[in-house]
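Numbering (my numbering), first residue to last: 645 to 917.
Have a look at this one:
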């Protein structure tokens, strides 16, 4: 990044799981699969990931509406799921997620030097998540021990609604005194991250390799052949492009050159809409 970025970009808002921690965004998927398995319903990875990034109660509601899950629920219970079922599943999800969160709290390679570089240039560092406040605080503490921190991170319960609504981004812009919103950037690994950023009037960068789009741990990713890696990246890239991410990167480690391009757009008066 060159000089334009130092004044052009006001803040960068990062997602958490799959973007800055938890390579592959495995913690929420494994927990959701366990919750539904306890109800004798098998939840495939691609189904569990389809609405990843939403507030977790909203995500459970979406899962129950998926055709595969809807059919299995009716087979098991001879009725449709109702609001009390959503409540029960969510209440079961919370302690299970808390119990395994630290197992997936490793900061992703390359995140810390990028964030340190941005912070040294006076750029605000925000975070948003679909996790609850307690989950976020657990992740924040674990990440801080590894050298990663945001200036402020928010979760859905801090505002009136989570993703794809822009309210967490709005509140971060206020609290970080970052303006205009068109000088801010949202980086995340899910479609709801991109929708959140675009709805807030921010530039958006979709993360491919480390997050929900591919859904593999760092070790499993490295075990793939070059051909399989390229095919997975191509599929993930197509989905992010289809949902109007302004830019895509494999991981946050690759963000600085793209942020430089965004800064140049801002200086030229371009808008992210």
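Beta carbons: idealized from backbone N, C-alpha and C, even for Gly.
For residue 823, which residues of its own chain have a beta-carbon under 7 Å away from its beta-carbon, when the five flanking residues on both sides are left out? Counting from 1 along the chain shown, the entry for residue 823 is found at position 179. Excluding sequence neighbours, residue 823 sits near 654, 817.
For residue 665 and residue 671, I'd like the C-alpha separation in whole angstroms. Translated into the one-based positions of the chain shown, residue 665 becomes position 21. Translated into the one-based positions of the chain shown, residue 671 becomes position 27. In a straight line, the C-alpha of residue 665 is about 10 Å away from that of residue 671.
Cut-off 8 Å between Cβ atoms - residues of its own chain near residue 744, not counting five sequence neighbours on either side: Locating residue 744 in the chain shown gives position 100, where the first residue counts as 1. For residue 744, where only same-chain residues beyond five positions count, the Cβ hits under 8 Å are 671, 674, 675.
Span of the beta strand (DSSP E) holding residue 847? Counting from one through the chain shown, the residue named residue 847 turns up at place 203. Its beta strand (DSSP E) spans residues 847–851.
I need the straight-line Cα distance from residue 790 to residue 732, nearest angstrom please. Here residue 790 refers to the residue found at position 146 when the chain shown is read from its first residue. Here residue 732 refers to the residue found at position 88 when the chain shown is read from its first residue. Each residue's alpha carbon lies about 35 Å from the other.
Is it buried or exposed, residue 850, if we count other Cβ atoms within 10 angstroms and call 16 or more buried? As a position in the chain shown, residue 850 is number 206, starting the count at 1. Buried.
How big is the Cα-Cα spacing for residue 913 and residue 825? Locating residue 913 in the chain shown gives position 269, counting from the first residue. Locating residue 825 in the chain shown gives position 181, counting from the first residue. Roughly 13 Å separates the two Cα atoms.
Give the range of the alpha helix (DSSP H) segment to which residue 758 is assigned. Looking up residue 758 in the chain shown gives position 114. Segment 755–764, the alpha helix (DSSP H) holding residue 758.
List the whole-angstrom C-beta distance separating residue 881 from residue 892, where the pair is believed to meet the contact cut-off of C-beta under 8 Å. Along the chain shown, one-based indexing puts residue 881 at 237. Along the chain shown, one-based indexing puts residue 892 at 248. With 8 Å as the limit, residue 881 and residue 892 qualify as a contact, their Cβ atoms being about 5 Å apart.
Specify, as a first and last residue, the run of the beta strand (DSSP E) that residue 771 falls within. For the purposes of this step, residue 771 is taken as the residue at position 127 of the chain shown. Unbroken beta strand (DSSP E) run through residue 771: 768–772.
Extract the residue ranges of the beta strand (DSSP E) inside the stretch 833–904, only unbroken runs of 3 or more that lie entirely within it. 847–851, 891–893
Could you tell me whether the Cβ atoms of residue 695 and residue 706 are closer together than 8 Å? Position 51 of the chain shown, counted from the first residue, corresponds to residue 695. Position 62 of the chain shown, counted from the first residue, corresponds to residue 706. Cβ distance < 8 Å, so residue 695 and residue 706 count as in contact.
C-alpha gap between residue 697 and residue 774, whole angstroms: Here residue 697 refers to the residue found at position 53 of the chain shown. Here residue 774 refers to the residue found at position 130 of the chain shown. C-alpha of residue 697 to C-alpha of residue 774: approximately 5 Å in a straight line.
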